[in-house]
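Protein chains in written order, with this note's numbering: chain W, 1186 to 1525; chain X, 1186 to 1525. By construction, the Cβ of each residue, glycine as well, lies at the ideal position given by its N, Cα and C atoms.
Number of protein chains: 2
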Amino acid sequence: MNSDRRRTTIKDIAETLHLSVSTVSRALQGNPRISKETTEKVKKMALSLDYSIHGPAAALRTGQGNNIGVIVPRINRQFFSSLIGGIEQVLRTNALNTFIYQTQESFENEQQGVQAMLNAGVDGLMISLSIETQAFDHIERFIRSGRPVVFFDRCMEDSSLSCVMIDDFNAAYQMTEHVLANGCKKLVYLGGSEHLMMYRNRRKGFEQALLDHHIQPSDVHIYENSLTREKGYDITRQLIETGQTPDAIVSASDFSALGSILCLKEAGINIPEQVCVTGFANELFSEVMDPSLTTVEQHAREIGMKAAEIMVRNIKGFSEIETVLIPTELIIRKSSLRHR
Amino acid sequence: MNSDRRRTTIKDIAETLHLSVSTVSRALQGNPRISKETTEKVKKMALSLDYSIHGPAAALRTGQGNNIGVIVPRINRQFFSSLIGGIEQVLRTNALNTFIYQTQESFENEQQGVQAMLNAGVDGLMISLSIETQAFDHIERFIRSGRPVVFFDRCMEDSSLSCVMIDDFNAAYQMTEHVLANGCKKLVYLGGSEHLMMYRNRRKGFEQALLDHHIQPSDVHIYENSLTREKGYDITRQLIETGQTPDAIVSASDFSALGSILCLKEAGINIPEQVCVTGFANELFSEVMDPSLTTVEQHAREIGMKAAEIMVRNIKGFSEIETVLIPTELIIRKSSLRHR
DNA sequence: TTGTAAGCGTTATCAA
DNA sequence: TTGATAACGCTTACAA
């Protein structure tokens, strides 16, 4: 545990082999200008001396660090962790490291995260904005540094930036149509923050479906900022207690849908016969809960992979801007499927 | 999107202010040797020039990169993502960045990951071994570089290394006692890979409880490598078909427990009255599935935080070795609680 | 095919 | 209180 042990450098290899550092550097890179034997010798010595390249030094010299910063609201959400899995896989196969930072949905943390990425000298930034974020100086600062930025899921609304997200409008539209097709007429919608495009789009999709099917607006309640299990529970309880029980609860989150279902079950209300409930995200629990939850599969891993691919192309010098919509999939389960 | 834009350096600041780079460097660090006015001036200019420190260069000079590598089998497991959340939080409050790498349970990826960390010049390594890992040259290589290594959850069995894990033996022991207290006598155990200490310890805890309660070994079946939903389902189906249905299935994983439950429900077998089922990990779905699953809460976040604290202390020069057992919590739910 | 030397952005030593 | 300069480990013209 020799903690003041100096690391092996190419200089060490050069000295033991009586070569110059440049020869060693080139040999290590497999440069054809170096003879086969020398290259072989150098690589062998590198191995036996426990050499590993000092990335930061190489980065300093070449201006390329091979590190990509990834900023997400939370890492312990099925959606984001799968998405990161996709990012990581694509970046790795392109010899890029993944630097992760989670904001915990805090704007301040997000600012710090971007600064940390700037300091770390990452070659590009992939980010999904926090719920709180409404100002973008920190992002613009990064962009000014001349390095690529790719948004995913929660994007900045600027068409000159790359963004990969799902088709929220359509997903919500289809979901609402499905609920209406099951005979529901008095709907409650549990939405998110209106300043995030994705939640606005979901709400718009919901409303458009109602419009297209001639549902009376007076029969509909829309709640903002209602994405948590607790919110779902509380709102549902309040509706029941005030005699306003709807016949469908369409939620922009599996968690609030879960809260609603728990509350309805407690109140002895039958799902789906009396009330249909739908969620959003296809969290692991949605399949195995009782009743199983109708929801939207977002293909998180693919979103991550697609975003990473755009980043890789940008890093390689193709500075194209892309906005990609990953198609969603309606997963119909018991919580919304009536038998008539 | 000026991609050949040179980044602002302290030299730029120095020139515009007619100061030397050393003064600027010191001012930026808040060195008291620099006058208040100069410090102020420099910081203001840094801001207006969009300056941010170039970490790699500073790392090269100081030998301290403030980056910690974290290697995990998978990121999209509730357990690991929560754990990483804990790590990230502690490291960040100590001005350390988190470098993440997932092995997908592959030994080859793990080797590459350690190498990537070595190259990235991280100051320390936090790692949970892949299931496949049985050789440790890559780890020893990192240790030889003189930088601290902290294991979590899946550790190398070497008392000269720091490790944070849960008390698997006791957790399994308590779980087994709970099942026995519910009157079960013919038990099936679904375990993991025997070469991982944690799974060995769980199996030992299970067996010790049987021993202490005088259960006939002939009434017990132990399966190795049975941690997935599919394995749980298949083994359970096979037991039922061959007329060997047990009265309890104790699993080392929530996923195989889930598989078992799905199979039992399909076969019309009552849980828990005919068969008790227990899992391990308290995955999100275990609470909301039907029946809710008795399991073990591992306090993943705390494991991460504790491991990160040890790392931070090592980075700061205290090279103490610590093995920490985080206490678990038995979460008793419907899948194992008989009413008599 | 190999070597020399400059320079990436920063910090730290020494000098003023 | 500030400045000049060397050094960290690496890559890459340019030279041999």
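Item, Value
"Check whether the region 1256–1266 of chain X touches the region 1263–1272 of chain W, counting contact only when three or more Cβ pairs, one atom from each stretch, lie closer than 8 Å.", "yes"
"Looking at the secondary structure, which residues open and close the alpha helix (DSSP H) in which Leu1449/W lies?", "Asp1439 to Glu1451"
"From what residue to what residue does the beta strand (DSSP E) around Thr1508/W run?", "Thr1508 to Ile1511"
"Just to confirm before moving on: does the CB-CB distance between Met1474/X and Val1275/X stay below 8 Å?", "no"
"With distance defined between alpha-carbon atoms, name the residue in Gly1240/W, Ala1242/W and Gly1215/W nearest to Lys1229/W.", "Gly1215/W"
"Starting from the N-terminal side, write out each stretch of the beta strand (DSSP E) that is 3 residues or longer and does not extend beyond the region 1228–1271 of chain X.", "1252–1257"
"At a Cβ threshold of 8 Å, is Ser1315/X touching chain W?", "no"
"Is any beta-carbon of chain X found at less than 8 Å from that of Pro1241/W?", "yes"
"Check whether chain W comes within 8 Å of Gly1489/X, counting only Cβ atoms and requiring the distance to be less than that.", "no"
"Give me the Cα-Cα distance between Ala1212/X and Ile1219/X, rounded to the nearest whole angstrom.", "6 Å"
"Decide if Ser1188/W is buried, meaning its Cβ has at least 16 other Cβ atoms within 10 Å, or exposed.", "In this predicted model, Ser1188/W has a pLDDT of only 40, less than 50, meaning its place in the structure is not dependable enough to derive any value."
"According to the Cβ coordinates, are Leu1234/W and Ile1198/W closer than 8 Å?", "yes"
"In three-state terms, what does DSSP make of Leu1381/W?", "coil"
"Taking only the alpha-carbon atoms, compute the straight-line gap between Lys1196/W and Thr1224/W and give it to the nearest angstrom.", "15 Å"
"Could you tell me if the beta carbon of Val1275/X falls within a distance shorter than 7 Å of some heavy atom in the ligand MN?", "This structure lacks the ligand MN, and indeed carries no ligand of any kind."
"Taking 6 Å as the limit between beta carbons, can you name the residues of its chain near Thr1508/W, skipping five residues before and five after?", "Cys1348"
"Identify the contact partners of Thr1283/X in chain W, using a Cβ-Cβ distance below 8 Å as the criterion.", "Phe1284, Ile1285 and Tyr1286"
"Is the CB-CB distance between Cys1369/X and Cys1461/X below 8 Å?", "yes"
"Kindly confirm or deny that the region 1237–1257 of chain X and the region 1278–1290 of chain X touch, where touching means at least three C-beta pairs closer than 8 Å.", "yes"
"Have a look at the DSSP bridge pairing and note the partners of Glu1514/W.", "Glu1482/W"
"Given that a residue counts as buried once 16 or more other Cβ atoms are within 10 Å of its Cβ, and exposed if not, what is Glu1468/W?", "buried"
"Take the Cβ of Gly1453/X as the centre, count every other Cβ of all protein chains shown within 10 Å, and call the residue buried at 16 or more, exposed below.", "exposed"
"How would you call Gln1483/X, buried or exposed, if buried means at least 16 neighbouring beta carbons within 10 angstroms?", "buried"
"Alpha carbon to alpha carbon, what distance is there between Thr1318/X and Ile1400/W?", "59 Å"
"Could you name the residues that DSSP lists as bridge partners for His1406/X?", "Val1373/X"
"Taking Cβ to Cβ, would you say Phe1465/X is nearer than 8 Å to Ala1437/X?", "yes"
"If contact means a Cβ-Cβ distance below 7 Å, which residues of the region 1484–1510 of chain X contact chain W?", "Ser1504"
"Would you list the residues sitting across from Cys1348/X in a DSSP beta bridge?", "Phe1336/X and Thr1508/X"
"Report all residues from its chain with a CB closer than 6 Å to the CB of Ile1511/W; omit the five preceding and five following residues, and keep chain order.", "Ile1351, His1484, Glu1487 and Ile1488"
"What does Val1473/X reach in chain W if we use C-beta pairs closer than 7 Å?", "Leu1443, Phe1470 and Met1474"
"Keeping to the same chain, check which residues put their C-beta closer than 8 Å to that of Ser1477/W; ignore five residues upstream and five downstream.", "Ser1471, Arg1518, Lys1519 and Ser1520"
"Under a CB-based cut-off of 8 Å, is Ala1244/X close to chain W?", "yes"
"Using a C-beta cutoff of 8 Å, does Gly1309/W count as contacting chain X?", "no"
"Between Ala1357/W, Phe1321/W, Tyr1358/W and Leu1303/W, which has its C-alpha nearest Gly1331/W's C-alpha?", "Leu1303/W"
"Could you run through the region 1393–1404 of chain W and flag, in chain order, every residue whose CB is less than 7 Å away from some CB of chain X?", "none"
"Could you please tell me which residues of the region 1314–1343 of chain X, in chain order, have their CB closer than 7 Å to any CB of chain W?", "Arg1326, Arg1329, Ser1330 and Gly1331"
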